[in-house]
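This report concerns only the one structure given below.
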Amino acid sequence: MRWRVLPGRLKEVTVQIVKGLGGAHEEAVLLSESLVRADMRGTDTHGVTYLKLLANRVDTEMITLPTRLNVLKEDVATGLIDGGNGLGQVAAHRAMTMSLEKAGRCGTGCCLVRNTNNVGFLAFYTMMAAEKGMVGIVMTNAAAAMSPWGGAEAFFGTNPISIAVPGMQRIDPSFWTCLRAWSPGAKFGVLKS
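My numbering puts the first residue of the sequence shown at 69, with every later residue one more than the last.
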């Protein structure tokens, strides 16, 4: 049985759940937007099913809420952000926002993030750039999920990358997201829940 839920209502509920876990209102709103947009794009593995994992990670103190970001280094075109072991979506959004500001001033912007967690649906950030008429590139590392050819143990992460480019007049921006390898683990997790 498939449920149909209005995106606005799903965002409201998600905000309340994240705030109940200790998140600040602003980060709860941002996370809900990211998760619901992933679901609406058909990327269920990075949608609201993430809330169960988030709750487990907050309970076991693997994620710190509220997220406290710290800009460690900043230059005209670059930046380095410490994610405070909080929500990866908050850190990635801040990095893209800073990158876009820098690109607007000097033509390019690149911000790195460390000490954070799963950033979720990468196109959420690259589309921010495309909507401003810029090319957006986001990449991240990932935990070991795939074994090398002939191997029996996971060694490589999927290490996703997303690229978005602005559209021309009356054409929506486009994005492309790929993984270095595909792991069915997250898909099975969605099916189990």
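Positions of the beta carbon are idealized from the N, C-alpha and C atoms, including for glycine.
Check	Outcome
In three-state terms, what does DSSP make of residue 106?	helix
In this structure, what does DSSP give as the bridge partners for residue 182?	150
Pair every Cβ in the region 124–137 with every Cβ in the region 107–114, then say whether three or more of these pairs are closer than 8 Å.	no
Between the Cα of residue 229 and the Cα atoms of 221, 207, 218, which residue gives the shortest distance?	207
How long is the line joining the alpha carbons of residue 181 and residue 148, rounded to whole angstroms?	6 Å
Measuring CB to CB, does residue 198 end up less than 7 Å from residue 204?	yes
Using a Cβ-Cβ cutoff of less than 6 Å, which residues in the same chain neighbour residue 104 once the five nearest sequence positions on both sides are dropped?	75, 78, 79
Which residues in the same chain as residue 176 place their Cβ atom closer than 6 Å to its Cβ, once the five residues preceding and following it in sequence are excluded?	145
List the whole-angstrom C-beta distance separating residue 164 from residue 118, where the pair is believed to meet the contact cut-off of C-beta under 8 Å.	Their Cβ separation, rounded to whole angstroms, is 19 Å, which puts residue 164 and residue 118 out of contact at 8 Å.
DSSP three-state call for residue 190: helix, strand or coil?	coil
Residue 189: buried (16+ other C-beta within 10 angstroms of its C-beta) or exposed?	buried
Among 120, 172, 73, which has the Cα closest to the Cα of residue 86?	120
Residue 74 by DSSP, collapsed to three states: which one?	coil
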